[in-house]
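S.K.: The number in this note's numbering is simply the position in the sequence shown, starting from 1, with 19 added. The structure that follows is given in the form of structure tokens.
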Amino acid sequence: MSKSKGNTHARSISLIDEQNMSLPNNVGLKNILKKISDLEIENQKLTNRVLLLEKRLSVDFLTGLSSRDQGITHIESLIQDNDIGTFSLVFIDLDQLKKINDSAGHVVGDRMIERLGNILKKMQLPKQTIARFGGDEFIAILPNYDHQKTTSWCNCLQKRTKLQEPIRIDGQHFYLSVSVGSYVYHKAREPEHLDAKQLIERADKDMYKNKQSKNDSLKSYVYKVPVGG
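Here it is in structure tokens:
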């Protein structure tokens, strides 16, 4: 009888010990699961921040157009793309922005930039990239555009800007006006060392020439490879 009671007592102690042992194990498991859940939440927050940062780096915050870096990256990719034989680079300068900022303030200047950005976004087609290159400068990258199509595109931009109503501030009227230049890249004719920076410089040179001449007619700057070069 004593043996039976001893066995019963031993089983009771064993059951109590198992229950006591399982309690901290369950609590520990819950803590681990909570930590995993917290880490997943933090990881998702970090991922969202990275995506937001990447978006900020790829998109101009004021206009919603591509950033300078994105524009340059697209040019380089087209240079390397053997399926693209020709593309056009258009350099766009917002006229008199410094004068507008000095006389009416940067708020008005930003409104002018936004207006031009909206026009450019409406003109942008699939596979094209239009980027804000600097404060008052933009670039448009137009795959498979020759000189004729590029000139038509530039003329369309000029017409659309001229149709914009002026911004009126304290009796002053500020009209949207742009100067543009272009460079058409022909893969078969270009020297191998030509890069995005050189293309942009050539389009910028054409823009400056057109700005200086005060001529509405747009003439693409044609780079000719020297014979034997």
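Every residue, glycine too, gets a C-beta built ideally from N, C-alpha and C.
#1: Would you mind sorting residue 151 into buried or exposed? The rule is 16 or more other CB atoms within 10 Å of its CB.
#2: Look at the alpha carbon of residue 58 and the alpha carbon of residue 78, and state the distance between them as a whole number of angstroms.
#3: Taking DSSP as the reference, what is the three-state secondary structure of residue 196?
#4: Measuring CB atoms only, is the region 201 to 213 touching the region 107 to 121, in the sense that at least three cross pairs come out at less than 8 Å?
#5: Rounded to the nearest angstrom, what separates residue 51 and residue 45 at their Cα positions?
#6: Does the beta-carbon distance from residue 90 to residue 180 come in below 8 Å?
#7: Note the first and the last residue of the continuous beta strand (DSSP E) segment covering residue 95.
#8: Could you check what DSSP says for residue 143 in three-state terms: helix, strand or coil?
#9: Could you check if residue 96 belongs to the surroundings of the ligand FMN, using beta carbon to heavy atom distance under 7 Å?
#10: Could you tell me if residue 221 is buried or exposed, where buried requires 16 or more neighbouring beta carbons within 10 angstroms of its beta carbon?
#11: Return the CA-CA distance between residue 121 and residue 63, expressed in angstroms with no decimal places.
#12: Considering just the uninterrupted stretch of the beta strand (DSSP E) at residue 150, what are its terminal residues?
#13: Between residue 193 and residue 61, what straight-line distance do the alpha-carbon atoms span, to the nearest angstrom?
#14: Counting only runs of 4+ residues fully inside the region 165 to 233, write out the alpha helix (DSSP H) ranges in chain order.
#15: Closest to residue 172 by C-alpha separation, out of 195, 185 and 141, would be which residue?
#16: Could you tell me the boundaries of the beta strand (DSSP E) in which residue 113 lies?
#17: Just the C-alpha distance for residue 223 and residue 160, rounded to the nearest angstrom, thanks.
#18: Near residue 97, which residues of its chain fall below 8 Å by C-beta distance, leaving aside the five closest residues on each side in sequence?
#19: So, is residue 155 buried or exposed, given that buried needs 16 or more other C-beta atoms within 10 angstroms?
M.R.: Well, looking at it:
#1: buried
#2: 30 Å
#3: coil
#4: yes
#5: 10 Å
#6: no
#7: No beta strand (DSSP E) contains residue 95, which is instead part of the alpha helix (DSSP H) from 87 to 99.
#8: coil
#9: Among the ligands in the structure shown, none appear at all, so the ligand FMN cannot be discussed.
#10: buried
#11: 44 Å
#12: 148 to 151
#13: 48 Å
#14: 166 to 181 and 215 to 232
#15: 141
#16: 105 to 113
#17: 13 Å
#18: 103, 106, 160, 162 and 204
#19: buried
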